[in-house]
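**Student:** In terms of full-length UniProt numbering, the sequence shown is residues 1 to 168.
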Amino acid sequence: MAVDYFLKIDGIKGESEDDKHKDEIELIDFEWAEQQSGSFGQGGGGGAGKVKMENFKFRTYLNSASPALMQSCAEGAHIKDATFTCRKAGGGQKEYYKVTMEDIIVASCHISGGAGEIEEGAWVEGHPVEEVTLNFAKIKWEYHPQKADGSLNSAKTGGYDLKKNKRV
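(1) Pick out whichever of Asp4, Ile105, Gly92, Glu34 has its Cα sitting closest to the Cα of Ile12.
(2) What do you get for Gly14, buried or exposed, if any count of 16 or more other CB atoms within 10 angstroms of its CB means buried?
(3) Which complete beta strand (DSSP E) runs does the region 22-103 hold, if anything under 3 residues is left out?
(4) Going straight from the alpha carbon of Trp141 to that of Lys166, what length do you get?
(5) Do Arg59 and Glu131 come within 8 Å of each other at the CB atom, strictly closer than that value?
(6) Would you decide whether Lys8 is buried or exposed? Buried here means 16 or more other CB atoms lie within 10 Å of its CB.
(7) For a quick check, are the C-beta atoms of Glu26 and Phe6 less than 8 Å apart?
(8) In chain order, what residues of the same chain have a beta carbon less than 6 Å from the beta carbon of His110, not counting five sequence neighbours either side?
(9) Apart from the five residues on each side of it in sequence, which residues of its chain come closer than 6 Å, Cβ to Cβ, to Glu34?
(10) Throw me the rounded Cβ distance for the Lys138 and Glu102 pair, which I believe falls under 8 Å.
(11) Count the other CB atoms, across all protein chains shown, that sit within 10 Å of the CB of Ala82; report buried if there are 16 or more and exposed otherwise.
(12) Below 6 Å CB to CB, which residues in the same chain sit around Tyr97 once its five sequence neighbours on both sides are set aside?
Listed below in structure tokens is the structure:
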């Protein structure tokens, strides 16, 4: 299944020309995880610990947002919010996964380049790639399962406020 990934970051303009995601950052890929430090090692029951949220990591080709991301990282600037959108590509373009983050700091920027690579069976010329991680205080996620007819079901949602250590 072909997908499109977009990231809208408050105050940072990307190069997307997509009608629904104009001026957002088009992503190559993304990664995000969380870990629970709970343990069943002592006593009769298991104890939950505090969740450890990994930074939201993404890769994109070097673009007009890159200098602003690097500057934000260098200064430790606080960013109000960012929204990541995952969309099924093609004719029916359905946005089925969304992650919203609030109170963000650009934790890292790493730029690399190379001669090129094989992508989907074809040689692609090397373009500088930027890997960025975002640290956030609050996160919300929304997933829409797809019905047999191709339409989307209502959203399954969740979220967590790290400052308050509670569900949102």
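Note that CB positions come from ideal geometry on N, CA and C, so glycine has one too.
**Tutor:** A quick look at the data gives this:
(1) Ile105
(2) buried
(3) 29-31, 34-36, 51-53, 56-61, 78-88
(4) 15 Å
(5) yes
(6) buried
(7) yes
(8) Glu131
(9) Val51, Met53
(10) 4 Å
(11) By the neighbour-count rule (16 or more Cβ atoms within 10 Å), Ala82 is buried.
(12) Cys86, Tyr143
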